[in-house]
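Chains as they are written, first to last, in my numbering: chain A, 3 to 407; chain B, 3 to 407.
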């Protein structure tokens, strides 16, 4: 009799994600379209790459002085330095005081993995994490798998069809003392200065630990400083925090996972202790992070002319997003689509809520072959001159159809 | 009063490794040398890169069709396929039967991380791991951190100054039923065919689960098939196992961590279940693996002419290692150094034991500024025409000096 498989008890895993993309790929309809790509797309439907990146790839491949040796566990020092300056500004007081540092990670998942591992071991106050629901699937799982209790919150109010920044304040009010608050893309949060101040006040009194996520600095306003302004405000107010800084999306290096787990501490001494512990975790997690992306980015950031080209390319992307949203709104207005569509232009960034209900979304997917995630948040860079009419007409149809139900 | 730091209880971490390299770097002695590099070195003391890799880097940088988009969680399919064929042979029955698969990982650490995560969840038999002591620091920690009980074993018998393949058999004899046996670089294990057969017999009866490590296929014998022969033997005997396959070292792409966690299962159905579970883990660990290295390697493996160039470069490396070991032995003989030095040429691979005791090693580090790890295992590719005389004379001195103690 043959022996049984060691794996006989292992069932097929539930699909985590990608099933929407899978359905899209299996669809034979010629006009099908997918509006849920994570990456920024170009006008002709390809993943966006900052033009200066392609130039650097060539330069690096031709450089005979590079030896592609193992990087230290901490990662590329020059990359970390340049990225921190991007986040906090060159003349940041915290950088001058040597109390800001980072570990080069395998993308933002790596940064959350490393941060969560650290907090599990050293954050004795609480093992509770509040996370924005958009990030739940990607980063919430990291915390969950490590035994944290994870609660979701969402900025989007589907009834009022707008972002509700007050949600963050009510989350913090109810959170137990010492909880971790994962704040997704702060530049898209829509909080006013006074709302941030109020939030900080409560966070400080309850010792809530912030874990920020900067997935694509520059893609909200087109201005790098503007997009990390709030982070600098937290530093100025004396907060200690972690921040996942990803540079894959805003350079267009998606296949590398170029990330940093940023640490802001009260003093250099605390920072060094935290980083030393993180190195022991990174040693076990991946030993040395991939450097191709980091090398490209460092070369760009350390050269003012190249950095200028890159910044310009970010501005162009954001201008295009703003224009696309305006066009979608205008086309819906011209079609006489019921409802106000101001919420589309009121949201910043590549991804925004369309503000459709589940029946309308189902209509778009099933009848019009337009693939949109269940939360109705689409990638606006996927909309271009070739498909904007089909998309807006379909949205109009979906709304008229479901009104009659 | 200022608030206290969140990190106030975090101490400085103990140094894991790298302190030998650090001491070396801080040493001002002009003739200092470091014989503990993990990577293969060239005659002129640089990390080795297969010449065909540099060529491919250029080609890939110039390719306008590449979009550097996110790879799927599983990684690059073509890379996995080509690497599995390298390991098991193109006409492997297991490949034909679709019961061999893999997940593209962030280097070998990633492969062990993923494998250990899986085993923690699904290997209910036992949470005990036996691991070769050389790998303890790198991979043993991965298991330890996940709560496995980890025992070390070593092939090297310092008294008899030889590799003792029987150690593996005695380890397996005493291991509890269902334990995991991590077997480092099988090509360097020195077991005879009949010893392997005996080992397999015990492993099968005790349901010991093998977790192989193929860190640099081709670097033991210069022949890829020869170096993975034993793995194929395990497949033929109906074993199910995991194998960490790293392609960083044998291509010379050290800064990328190009790895695969290979899974051999009894049937395609079992394989698919295992891979689906692994995808959920990889999703949390790193989401998408870095692809630069994988892309280069796939292009080489899928082109017979380029693959030929690569294989030739491996042969050259191995020929050079064999020659260096012969030279070291001969020089020690000519110096009249006491003892037999046959154990140097009897060992295969880039790294081999010198067979010195702790006093002799201390003498070399402290008096001669030759940096060698405590286990006395050095990287023979670090020895070249410029330093071989100094090294052999120093070894001779160390032995004469400690004989007089």
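Even for Gly, the Cβ is constructed at its ideal location relative to N, Cα and C.
Own chain, CB closer than 6 Å to residue i, minus 5 neighbours either side, in chain order
i, result
"residue 317 (chain A)", "224"
"residue 337 (chain B)", "398"
"residue 288 (chain B)", "108"
"residue 113 (chain B)", "107, 246, 261, 263"
"residue 355 (chain A)", "158, 378, 379"
"residue 326 (chain A)", "382, 385"
"residue 353 (chain B)", "379, 381"
Same chain, Cβ closer than 8 Å to residue i, five either side skipped, listed in chain order
i, result
"residue 204 (chain B)", "171, 174, 175, 210"
"residue 375 (chain A)", "22, 38"
"residue 298 (chain B)", "55, 58, 59, 62, 253, 255"
"residue 50 (chain A)", "41, 42, 43, 44, 254, 319, 383"
"residue 226 (chain A)", "88, 219, 220, 313, 316"
Three-state class that DSSP yields for residue i in the structure shown
i, result
"residue 23 (chain B)", "helix"
"residue 328 (chain B)", "helix"
"residue 219 (chain B)", "coil"
"residue 441 (chain B)", "Chain B is shown only over 3 to 407; residue 441 (chain B) falls outside these bounds and no answer can be derived."
"residue 409 (chain A)", "Only positions 3 to 407 of chain A appear in the structure, and residue 409 (chain A) is not among them; the question remains open."
"residue 6 (chain A)", "coil"
"residue 104 (chain B)", "strand"
"residue 1 (chain A)", "Look at the range of chain A in this structure, 3 to 407, and you will see that residue 1 (chain A) is not part of it."
"residue 80 (chain B)", "helix"
"residue 323 (chain B)", "helix"
"residue 157 (chain A)", "coil"
"residue 177 (chain A)", "coil"
"residue 355 (chain B)", "strand"
"residue 169 (chain A)", "helix"
"residue 276 (chain A)", "helix"
"residue 68 (chain B)", "coil"
"residue 210 (chain B)", "coil"
"residue 96 (chain B)", "helix"
"residue 236 (chain B)", "helix"
"residue 88 (chain B)", "helix"
"residue 387 (chain A)", "coil"
"residue 203 (chain B)", "helix"
"residue 405 (chain A)", "helix"
"residue 62 (chain B)", "helix"
"residue 281 (chain A)", "helix"
Sub-9 Å separation of residue i and residue j beta-carbons
i, j, result
"residue 70 (chain A)", "residue 97 (chain B)", "no"
"residue 381 (chain A)", "residue 59 (chain A)", "no"
"residue 169 (chain A)", "residue 187 (chain A)", "no"
"residue 180 (chain B)", "residue 208 (chain B)", "yes"
"residue 85 (chain A)", "residue 303 (chain A)", "yes"
"residue 110 (chain B)", "residue 89 (chain B)", "no"
"residue 162 (chain B)", "residue 266 (chain B)", "no"
"residue 77 (chain B)", "residue 290 (chain B)", "yes"
"residue 270 (chain A)", "residue 99 (chain A)", "yes"
"residue 206 (chain A)", "residue 241 (chain A)", "yes"
"residue 268 (chain A)", "residue 283 (chain B)", "no"
"residue 281 (chain B)", "residue 15 (chain A)", "yes"
"residue 95 (chain B)", "residue 276 (chain B)", "no"
"residue 294 (chain A)", "residue 294 (chain B)", "yes"
Contact test: residue i Cβ vs the ligand COA heavy atom, cutoff 8 Å
i, result
"residue 340 (chain A)", "The model on display carries no ligand, and the ligand COA is accordingly not part of it."
Close Cβ partners of residue i (< 7 Å) along its chain, the five nearest in sequence each way excluded
i, result
"residue 394 (chain A)", "330, 333, 334, 337"
"residue 178 (chain B)", "128, 130"
"residue 115 (chain A)", "144, 287"
"residue 31 (chain A)", "371"
"residue 33 (chain B)", "371, 392"
"residue 367 (chain A)", "373, 374"
Legend entry - Members of the region 181-215 of chain B near chain A, C-beta cut-off 9 Å: 206, 209, 211
Inset, instruction - Compile a chain-ordered list of the residues in the region 281-310 of chain B whose CB is closer than 7 Å to at least one CB of chain A. - result: 281, 282, 285, 286, 287, 288, 289, 290, 292, 293, 294
Legend entry - Interfacial residues, the region 336-354 of chain B to chain A, with Cβ spacing under 7 Å: none
Legend entry - Near-chain B residues of the region 139-154 of chain A (beta-carbon distance less than 8 Å), N- to C-terminal order: 140, 143, 144, 147
Legend entry - Contacting positions in the region 38-55 of chain B - beta carbon closer than 7 Å to chain A: 40, 41, 48, 49, 51
Inset, instruction - Name, going along the chain, the residues of the region 392-406 of chain A whose beta-carbon falls closer than 8 Å to a beta-carbon of chain B. - result: none
Legend entry - Any beta strand (DSSP E) of 3 or more consecutive residues that is wholly inside the region 104-150 of chain B: Scanning the region 104-150 of chain B from its first residue to its last, the whole beta strand (DSSP E) runs of 3-plus residues come out as 130-134.
Inset, instruction - Using a Cβ-Cβ cut-off of less than 7 Å, list which residues of the region 375-388 of chain B approach chain A; keep chain order. - result: Using a CB distance below 7 Å, no part of the region 375-388 of chain B faces chain A.
Inset, instruction - Mind checking the region 100-113 of chain A against chain B and listing, in chain order, the residues whose C-beta falls within less than 7 Å of any C-beta there? - result: 108, 109, 111, 112
Legend entry - Members of the region 311-330 of chain B that neighbour chain A once the beta carbon cut-off is set at 8 Å: Those residues of the region 311-330 of chain B that come within reach of chain A (Cβ to Cβ, closer than 8 Å) do not exist; the list is empty.
Inset, instruction - Would you list, in chain order, the members of the region 62-74 of chain B that have their beta-carbon closer than 8 Å to a beta-carbon of chain A? - result: 62, 63, 64, 69, 70, 71, 72, 73, 74
Legend entry - Interface positions of the region 229-251 of chain B facing chain A (Cβ-Cβ less than 8 Å), listed along the chain: 240, 242
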